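What follows is a set of notes on a single structure, which appears directly below.
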Amino acid sequence: MLQVKLIVTGDDFGYCPRRNQGIVDCFLAGAVSNVSLLVNGSAAADAAQLARRYNIPIGLHANLSEGSPVCEVLKTNSSLLNQDGFFHGKMGFRTALSKGLLNMSEVKQELRAQVELFRELTGHLPPHMDGHQHVHVLPEVRHIFAEVLEEYGIQYTRVPIEPGLHNCDWIPPSLMDFYLGVEEDSFNTVDVFTRHGIRWPDIYIGLSTMGKNMSVGNICSAIDAAIEECVSKAPQSRTVTVELMVHPGYPSVPPAGGCGEGPDDFSQSWERLHELQTLMKPELQSHYKTRNIQLCSFKDL
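Rendered as C-alpha cells:
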C-alpha cells in the first residue's frame, strides 16, 4: 500500500504570543507536525522556548519582506529597507527587486544572520528553511538562498508549485495572479535548488487552502488529487511526501505582534482562528488514517 508522509507546517511561529499559542495547541492536538520560525518576529524567543518545551520540530521562515532585519549593519542605510526603515513589504520587495534596487550581498548577509539567530535561539541549525511570502523563489534571490542553504548544510526547502491551483475558482482574480506569479517563479527555481543539492517534498499544498478558503473538504480533495497525479507520473512509488502549509493561530491583538511594525490585517483577522479550528476537526484526522497518511516533520524524511 502507498505510504504518504504529510508535513503540516505552521508558518509564522514567533509572530506574536497568540499565534504561538495557537500553533502549540494545534501541535499538541496532532493537527500540525512541524513549524517555521520567524526569527525577527516579536515573540521569536518565546516560540523557540515553546518548541523546546513541547519537542516541536522547527525550521526557519526566512523573512526579507516584513518588519526589520536582524543583521545589525543592515538596520540603517540598506537597500532592503524602505524610507520608514522597514523591509519593503510583500509587493514592495518584488517591485524593488524588479527595478534592480536590491543589493544581493545584503540579501545574503541578512539570510546568514537569520540562520545564526535561529541557531542561537534553538541551539541547532534549521533542518528546513523556506521564505516568508515566498521571497525565496524570486529571481536572483533564489540563487543567494540556495547558496546559503548549501553553505550551512540545510537540506530541505519549500517549492510552492501546487497541483490543481488553476482549477480553484474560489480564489479571487487578484490573489490568483499573485499565486500564479509564485508558481512561475517556483518552476524557474527548481533547477537552481537541484544544482545545490537542496530537496523538497514531492507535493506542496497551501495556496488554495489559506485562511477563509480552508475547509476539511478542500484539504482532503487537494491532497487526494495531488497524490493521484503524483502516482500516475511515477506508478512504482511506494512513498509520497507532501507539505501542507498552514497559518493557524488566535488573532493578534495590537500592539502585540509583528516583526517590528505591529501585526498585519491577516494576523488580526478571524481567518487564523478558522484555520486552527479546521485543522483540529476529527474528520480531517480520520481522513488521514483511512488514506494511510502519516504526519511527520522534515527530520523524518
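According to the working numbering, the residues represented by the sequence shown are 232 to 532, in order.
Quick reminder that beta carbons are idealized off the backbone N, C-alpha and C, glycines included.
Just so it is clear, the structure is predicted and the values come from calculations on it, not from any experiment.
- About 17 Å separates the CB atoms of H365 and I385; that is not less than 8 Å, and the two are not in contact.
- DSSP, read as helix, strand or coil, puts R430 in strand.
- Ranked by how close their Cα comes to the Cα of L369, the residues C490, R325, H355, Y383 have R325 in first place.
- Apart from sequence neighbours up to five positions away, the residues of its chain that approach I392 with a beta-carbon distance below 7 Å are E414, S417, F418, Y435, ordered along the chain.
- Secondary structure at K306: coil, using DSSP grouped into helix, strand and coil.
- With fewer than 16 other Cβ atoms from the protein chains shown falling within 10 Å of its own Cβ, N308 counts as exposed.
- Of the residues L328, R522, V338, F497, the one whose Cα lies closest to the Cα of I458 is R522.
- Residue burial annotation: E502 is buried, with at least 16 other C-beta atoms found within 10 angstroms of its C-beta.
- Separation of M232 and C461 (C-alpha to C-alpha, rounded to the nearest whole angstrom) is 15 Å.
- Under the 10 Å beta carbon count, G448 is surrounded by fewer than 16 other beta carbons and is classified as exposed.
- Per DSSP, the continuous beta strand (DSSP E) segment holding S267 begins and ends at 265-268.
- I436 has L475 as its beta-bridge partners, per DSSP.
- Around G298, the same chain offers N271, F317, F318, G489, C490, G491, E492 as residues with beta carbons nearer than 7 Å, after the five sequence neighbours per side are excluded.
- Less than 9 Å separates the beta-carbon of S264 from that of C527.
- Closest by C-alpha distance to E514, out of G261, V235, A276, G241, is G261.
- The C-beta distance from A275 to L281 rounds to 11 Å, too long to fall under 8 Å, and the pair is not in contact.
- Residue range 524-526 is occupied by the beta strand (DSSP E) that includes Q525.
- Bounds of the alpha helix (DSSP H) holding D496 are 496-499.
- Of G395, P357, P479, A453, the smallest CA-CA separation from Y387 is found for P357.
- Around the CB of M322, fewer than 16 other CB atoms lie within 10 Å, so the residue is classed as exposed.
- Around the CB of N294, 16 or more other CB atoms lie within 10 Å, so the residue is classed as buried.
- For V346, the uninterrupted alpha helix (DSSP H) run begins and ends at 335-353, by DSSP.
- The three-state secondary structure of I450, taken from DSSP, is helix.
- In the structure shown, T420 adopts coil according to DSSP, grouped into three states.
- A check of alpha carbon separations from W401 across G442, H363, V421 identifies G442 as the nearest.
- By the beta-carbon neighbour count (other beta carbons within 10 angstroms, threshold 16), G437 is buried.
- Nearest neighbour of T509 by Cα position, chosen from S405, D277, T472, C257, turns out to be C257.
- Between the beta-carbon of L396 and that of S439 there is about 6 Å, and that keeps the pair under the 8 Å contact cut.
- DSSP places I287 in no beta strand (DSSP E); its state is neither H nor E.
- Secondary structure of G316 (DSSP, three-state): coil.
- Beta-bridge partners of L237 (DSSP): V473, L526.
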